[in-house]
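Colleague: Shown below is the structure under consideration.
Number of protein chains: 2
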Amino acid sequence: MKKELFGICPYVTSQKILTGKWSIYILYLLSRGPVRFNELQRRLPEEMTHATLSRQLKQLEEEGLIIRHEYEQIPPKVEYSLSEIGEKFETVLDALENWGNDYIQWLQKTKSNE
Amino acid sequence: MKKELFGICPYVTSQKILTGKWSIYILYLLSRGPVRFNELQRRLPEEMTHATLSRQLKQLEEEGLIIRHEYEQIPPKVEYSLSEIGEKFETVLDALENWGNDYIQWLQKTKSNE
DNA sequence: CAGGATCCCCACAGATACTG
DNA sequence: CAGTATCTGTGGGGATCCTG
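Protein chains in written order, with this note's numbering: chain X, 5 to 118; chain A, 5 to 118.
So, in C-alpha cells, the structure goes:
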C-alpha cells in the first residue's frame, strides 16, 4: 500500500504545489496586485515562453491559488490575481524572500573564500 | 543576453533549491535534529528509494543546506543535520507548515461542496 | 492580446544490482 | 549500514506555429 501524503502532510502538499519551475516567482508577482498575461511575461525572466507561462497559470488556477478574470472586450484582457488561499501564501513568500537573501549573501561569502 | 537570476533574486534562488521532489520534507525531518541515512529513509514515504534519497542529500549538501557527518566505525554511521544557513530555513518551514495545513483544510471544504 | 496545439528534449525519479 | 553505478521512463519546459 502506498502512502499518499498529498492532502495530508503539509510539507508534501506544499512541495507539490511548488513543483513548477516558476511558481514562486509568479505568486510573488501576483501578490503585489492583479497582473495581465503579457505584463506577467514581461516581468518574468526572458527564457520563459508564453506557452510555459500559460501552463503554469492554468495549473495554479486549478490548484486554487490564483484567479483568472477575463474581461469581455476586444482586444482581450485577462487579469490574474491571488485567491483567498493564495493570499495566505504571502507569509511563505515573505519567509522565502528573507531566507533567499540570506542564502545569496552566504553564497557570496563562501565564494569569496575559495 | 540571458537574465540569470539565481544568486540575485531571492525567489528564483529559493525555487531552485526546492526543485527536488523531497527537499522540503527532508529539510523538515532534519530540522528536528540529526538523523541517520536509513532512519531518514524510513521516515520518508515508501516510494522513495535510497538511491533517490542519496542523490537528494548530496545535492542539498552541495548547496550548503545540510552537513554530512561520517563516523569512522564499522558498521558505518552517517548523520545528516542542518547547516547554519539550513537552520535559517526553519522559518520558511514554519510558514509552509501553516499554509500547507490551511490549504489542506481549504481542499476539503472545496471537495465537500461539489 | 491571450492564449492553444505540437514536437522535441532532457533532467530527474524510480528500479535493480553491486560494494566497502 | 550507507552508499554507488547504471538503465530506463516520463513529465514538464522550451521552441515554434497557429487562432479568435
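Each residue gets a CB set at the ideal place from its N, CA and C atoms; glycine is no exception.
So if I threshold CB-CB distances at 9 Å, which residues from the stretch 37 to 56 of chain A count as touching chain X?
Modeller: From the stretch 37 to 56 of chain A, only P49, E50 and E51 have a Cβ closer than 9 Å to chain X.
Colleague: Consider the Cβ of L100/A: report whether some Cβ of chain X lies at a distance smaller than 9 Å.
Modeller: For the purposes of this step, residue 100/A is taken as the residue at position 96 of the second sequence. Yes - at least one Cβ of chain X is within 9 Å of the one on L100/A.
Colleague: Along the chain, where does the alpha helix (DSSP H) containing I28/X start, and where does it finish?
Modeller: Translated into the one-based positions of the first sequence, residue 28/X becomes position 24. Counting along the chain, the alpha helix (DSSP H) containing I28/X begins and ends at S27 to S35.
Colleague: If contact is defined by three or more beta carbon pairs under 8 Å, each pair taking one atom from either stretch, is the stretch 7 to 26 of chain A in contact with the stretch 103 to 114 of chain X?
Modeller: yes
Colleague: Just to confirm the assignment, what range does the alpha helix (DSSP H) spanning I108/X have?
Modeller: Taking the first residue of the first sequence as 1, we reach residue 108/X at position 104. Where I108/X is concerned, the enclosing alpha helix (DSSP H) stretches over E94 to S116.
Colleague: Classify Q109/X: buried if its beta carbon has 16 or more other beta carbons within 10 angstroms, exposed otherwise.
Modeller: Locating residue 109/X in the first sequence gives position 105, where the first residue counts as 1. Looking at its Cβ environment, which holds fewer than 16 other Cβ atoms inside 10 Å, Q109/X is exposed.
Colleague: Quick one: give me the first and last residue of the alpha helix (DSSP H) that I21/X is part of.
Modeller: If you number the first sequence from 1, residue 21/X lands on position 17. It spans P14 to I21 - the alpha helix (DSSP H) in which I21/X sits, taken as one unbroken run.
Colleague: So which residues on chain X does Y15/A lean against when the C-beta distance must stay under 8 Å?
Modeller: As a working note, residue 15/A is residue 11 in the second sequence. Result: I28, Y29, Y32, L97, L100, E101 and G104.
Colleague: Is the CB of L111/A under 9 Å away from at least one CB in chain X?
Modeller: In the second sequence, the residue the question calls residue 111/A occupies position 107. Chain X contact via Cβ: present.
Colleague: Among T23/A, P79/A, S116/A and C13/A, whose alpha-carbon lies nearest the alpha-carbon of E67/A?
Modeller: Position 63 of the second sequence holds residue 67/A. Cα-wise, what sits closest to E67/A is T23/A.
Colleague: Going by DSSP in three states, S58/X sits in which element: helix, strand or coil?
Modeller: The residue you call residue 58/X lines up with position 54 of the first sequence. When secondary structure is reduced to three states using DSSP, S58/X falls in the helix class.
Colleague: In chain A, what lies closer than 7 Å to K92/X by C-beta?
Modeller: Reading the first sequence from its first residue, position 88 is the one you call residue 92/X. Result: W103 and D106.
Colleague: DSSP three-state call for K6/A: helix, strand or coil?
Modeller: Here residue 6/A refers to the residue found at position 2 of the second sequence. At K6/A, the pLDDT of 48 sits below 50, so the modelled position is not reliable; the number obtained from the coordinates is stated separately. If DSSP states are grouped into helix, strand and coil, K6/A belongs with coil.
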